[in-house]
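Trainee: Here it is: the structure, laid out below.
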Amino acid sequence: METASGPRVQGTENQYQSADVERGRLKIFFGACPGVGKTWAMLQAMRRQRDSGVDVAIGEIDTHGSETLRRLVEGLPALPPKHVHHHERMLRVFDVDGALAARPCLVAIDELARANVPGGRHAKRWQDVDELLAAGIDVYATLDVAQLESLGDTVSNMTGVRVRESVPDRFFFDAADVVLIDVPADDLLARLLSGSARLTAAAESARSYLVRANLLALRELALRCVADRANADVHGQRLKGRLRTASATRERILVGVRAEPSHERLIHEGARLAQHLRAEWIVVHVDQPADVRDPHARETLLSLANLADSLGAEFANLPGEDVASTLAGYAHERGATRLVLGSDPPRARWRAISAALCGARIAERVVRANPRLGLVVVGTSVAQAAPAKLLAQRRADTPLNGLILAVIACALTTLIASALLHFFATPNVVMLFMLNVVLLSLRLGRLAGAWAALLSVGSFDFFFVEPRFSFAVSDTQYLFTFVLMLTVALVTSQLASRLRYKAKVATAGERRATAVARVARDLSSAIRPAQIAAVCRQTIAPLFDAQVALVLPDPKDSTLRDAADEFVDTSVAQWTYDHAEAAGAGTQTLSGTRALYLPLKGPICTRGVLAICAEQGELSNDADDRRLLDACCVLIALALERTHFIEIAQDTQVRMEGERLRNALLSAVSHDLKTPLTAIRGLAETLEQVGDLPDTERTAVSRSIRLQTEELHRLVTNLLDLARMQSEGVRLNKEWHALGEIAGSALARLGTTLAAHRVRTELPADLPLIEIDAIAFERVFVNLIDNAVKYTPAGSTIQIRARAVGDTMHLFIEDDGPGLPNVDPERFFEAFTRGVRESTISGVGLGLALCRTIVDAHEGAIDVERRLPQGTRFEIRLPLGAPPVIEEERGT
């Protein structure tokens, strides 16, 4: 079945020039079993695409000694393989980096489910294909129905052979094209007998399963898979046409698992059901005390979580003593519509009784608690016998120390009871043994408590019941006491063990909640990436007893900066950042590295990579620790996202301020530059058109040109000086000067500008010298006096006075004009701010801003205020230093 057209032809729309244009398309040549001709059909299709002008390349093809396949491969361009050492052998493997560098339009890769050589980038070949597809390269690949992840148990039950290599179902259902290569069972058997069909080495070793009955079953299964995929495509097309009227409700499936390898089948069945119903699905495990104590159960649980994640499910590990109520509550909370549970066949009589009392009751109680929840019970296969090494390890993990401590505790209890027997009656001694059982159960767990209960009954019978030092009982009433004592002790042990488990669960939950809260609190105050990296080292690293490094991309491009930490492999971190997938230790990608690399995926894009490496040994395989680490990654990604937007906001604010200043400058300068230029142009035309002007008129015109030129020069000088000071800073040439000299020089520069105003100076002769830049401070005098001239009417008085108070020089420039407008006085010292926004007075609002810049550079201060009864007063305060001592010259 072919559901889409062939590959794109190179050069049609230049669609292969960028890996970011679109994801590559996968075409799968699908068959029921090896030998049906998938590779032959794929090579034929490659030749057709090559003849059509497509840039094709052979990535990985195994002809298995077939002359027909060898001839098909000849003439097709092939990508150079990579040579690696493995077990003292040189092997040729597919080079992913070479394929990405060559960037052909179409690559052919045989046996999609094949495992790669250990130590490579990816553990499976389908992961190589996924990377090629992500880079925009189309891929042709072959696949058997038995290699679909969710069908592994089904094929194993049908044929008796377990297929170890598998591919996630999403590859099959998300492929652009699927071509079914179908051969009748009898024809395939005939081809195998004649030798025209060749098998891989793995298939040759399991040739016994290629019998007619198995081939018919596998063919039916392959046809069903292709039909399901076609049905899903049709359903998707219908939904696309009815998006406006489709129901908003969706199926949600819950798969309940235990920490047992056989429950992988439940996940496979859940994946198939979710794919068939196109529903969301969640794999749920309810933590039990046995799982907490058993490290192998934790490893199995992590394996189940990884399997669920690879098949596209969400995994949830819930603490709870009552499995049924926990599942029912979680199903109601998540709005689940179906629940998939397993029913293991009992391996012994006691397991049958346990299943009857507990297993069935769980399903019934879940349905009773949530009648609308659909229940699917799947029979899981009997767990395979554990290998001898694993059994030996489990025996080594048996809590022998706890049992030995129980024996010692019971012996001490017996001694204490013997001493107290002189003061208490024999039945009262029983309570001492009960206390011993409770304490041991709380401290050492259920097994030690049960063992202590048996020892307590035996000790009580042997040492305290007549005839003593014998297990014989003279009084039959003690038999009832023994039974009651044992029952109470076992029940107490069970209750104490549950209490201990709940305390551990609560402690672990509190630890995770506290850790997440602490990380969130520390990250909330971080506003720079360096601060976030410090939080990772100081807060997250101690949680996992590991080294932690934050690897961030360069703002200019998508390459990561080199990390200072030695354990960080930048190439692995770069791959994690580019593909937004975990890599390194504990994953199936680049698993040979020491550290684990996790992408920090924000709401918009990946913000960086978190590298974590155990201080000693390996990272924890505990599922709860991994979820805590994932939660920390989410918080770090959000913090990096926040800092990114803070930087954007700051840059935007700077650009807006620059835009505001530019607009203010243009609006002010456009008028104030145009006015004197227009006047100068008019006066020059007057001189040009009127040849014989009287001397008085010519002098008046020349004076007007000079005044307009001085005003223009002052405006341009202020602009240039303010720009230079803001970009380069104020460079001062301080020397000791008298204020009277600088004030006099400024008044001389203004000259005719002050012709219509009166100026009074009150500068005492005993004013101390002050260390200032004379040229810069002359500019301050000029700007302040010129400002007073502009905003006061003719005939007004401008007063300049100064006095020294302590170690501060106070300088005042006052006028008796109309005074300040009703605005904040501080605004007058901002650039491009004027007292009257629209007026005929020339200026752009730079003079006072320049004055403040110069005064601040002298470590002084400048203020403006209303002067009573009218007018304006500018006050400048400058620090006074100790002037140098000038020695008088002595005559000889």
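Residue numbers (the UniProt record's numbering): 1 to 892.
Beta carbons: idealized from backbone N, C-alpha and C, even for Gly.
Keep in mind the model is a prediction, meaning the values are calculated, not measured.
Give the range of the alpha helix (DSSP H) segment to which residue 608 is assigned.
Mentor: Run containing residue 608: none in the alpha helix (DSSP H); it sits in the beta strand (DSSP E), 606-614.
Trainee: Is it the case that the Cβ atoms of residue 701 and residue 683 are separated by a distance below 7 angstroms?
Mentor: yes
Trainee: Suppose only complete runs of 4+ residues qualify. What are the alpha helix (DSSP H) ranges in the stretch 691-751, listed by chain order?
Mentor: 695-728 and 739-750
Trainee: I believe residue 375 touches residue 339 by the beta-carbon criterion, under 8 angstroms. Please report the beta-carbon distance rounded to the nearest angstrom.
Mentor: 5 angstroms
Trainee: What is the C-beta distance between residue 421 and residue 464, in whole angstroms, given that I count them as a contact (C-beta under 8 angstroms)?
Mentor: 7 angstroms
Trainee: Are the stretch 587-606 and the stretch 565-579 touching, with three or more C-beta to C-beta distances below 8 angstroms?
Mentor: yes
Trainee: State the CB to CB distance for the pair residue 742 and residue 784, rounded to an integer number of angstroms; the pair is presumed to be in contact (CB under 8 angstroms).
Mentor: Wrong, their Cβ atoms sit about 12 angstroms apart, outside the cutoff.
Trainee: Using the three-state DSSP reduction, which class does residue 785 fall into: helix, strand or coil?
Mentor: helix
Trainee: Count the other CB atoms, across all protein chains shown, that sit within 10 Å of the CB of residue 211; report buried if there are 16 or more and exposed otherwise.
Mentor: exposed
Trainee: Whole angstroms are fine: how far does the CA of residue 55 sit from the CA of residue 84?
Mentor: 27 angstroms
Trainee: Assign residue 370 to one of three DSSP states: helix, strand, or coil.
Mentor: The DSSP-derived three-state label of residue 370 is coil.
Trainee: Could you check which residue in 41, 406, 59 and 274 has the C-alpha nearest to that of residue 107?
Mentor: 59
Trainee: Enumerate in chain order the residues of its own chain whose CB-to-CB distance from residue 574 is below 6 angstroms, with the five nearest sequence positions on each side excluded.
Mentor: 560
Trainee: Given a threshold of 16 other Cβ atoms within 10 Å of its Cβ, counted over all protein chains shown, does residue 332 qualify as buried or as exposed?
Mentor: exposed
Trainee: Within the stretch 155-184, note down every full beta strand (DSSP E) run reaching 3 residues or more, in order along the chain.
Mentor: 177-181
Trainee: Going by other Cβ atoms of all chains shown within 10 Å of its Cβ, with 16 needed for buried, is residue 335 buried or exposed?
Mentor: exposed
Trainee: Can you tell me whether residue 76 is helix, strand or coil according to DSSP?
Mentor: coil
Trainee: Count the other CB atoms within 10 Å of the CB of residue 263; is the residue buried (16 or more) or exposed (fewer)?
Mentor: Buried is the call here.
Trainee: Can you tell me the Cα-Cα spacing of residue 863 and residue 749, whole angstroms?
Mentor: When the Cα atoms are used, residue 863 and residue 749 turn out to be separated by approximately 24 angstroms.
Trainee: Hey, how far is the Cα of residue 547 from the Cα of residue 625?
Mentor: 15 angstroms
Trainee: Give the secondary structure of residue 64 by DSSP, where H, G and I count as helix, E and B as strand, and everything else as coil.
Mentor: coil
Trainee: Taking DSSP as the reference, what is the three-state secondary structure of residue 761?
Mentor: strand
Trainee: Using only the alpha-carbon positions, how far apart do residue 602 and residue 541 sit?
Mentor: 21 angstroms
Trainee: What residues match up with residue 317 in a beta bridge as DSSP calls it?
Mentor: 285
Trainee: Is the number of C-beta pairs between the stretch 792-799 and the stretch 821-831 that are closer than 8 angstroms three or more?
Mentor: no
Trainee: Among the candidates 64, 281 and 135, whose CA atom is the shortest distance from the CA of residue 578?
Mentor: With distances taken between Cα atoms, residue 578 lies closest to 135.
Trainee: Bridge partners for residue 864 per DSSP, in chain order?
Mentor: 874
Trainee: To the nearest whole angstrom, what separates the beta carbons of residue 95 and residue 80, a pair I think is in contact under 8 angstroms?
Mentor: With a contact defined as Cβ atoms closer than 8 angstroms, residue 95 and residue 80 qualify at about 7 angstroms.
Trainee: If you compare alpha carbons, which of 266, 720 and 858 is closest to residue 284?
Mentor: Nearest C-alpha to residue 284: 266.
Trainee: Cutting at 6 angstroms between CB atoms, please list the residues of its own chain near residue 298, excluding the five before and the five after it.
Mentor: 622
Trainee: Do residue 807 and residue 880 have their C-beta atoms closer together than 7 angstroms?
Mentor: For residue 807 and residue 880, yes; Cβs fall inside 7 angstroms.
Trainee: When you compare only the Cα positions, how much space is there between residue 606 and residue 271?
Mentor: 28 angstroms
Trainee: Going by CA-CA distance only, name the one from 553, 612, 698 and 456 that's closest to residue 640.
Mentor: 553
Trainee: What residue range is occupied by the uninterrupted alpha helix (DSSP H) comprising residue 544?
Mentor: Run containing residue 544: 541-544, per the alpha helix (DSSP H) assignment.
Trainee: From what residue to what residue does the alpha helix (DSSP H) around residue 337 run?
Mentor: Residue 337 -> no alpha helix (DSSP H), and no H or E assigned at all.
Trainee: Following the continuous alpha helix (DSSP H) through residue 127, name the residue where it begins and the one where it ends.
Mentor: 125-134
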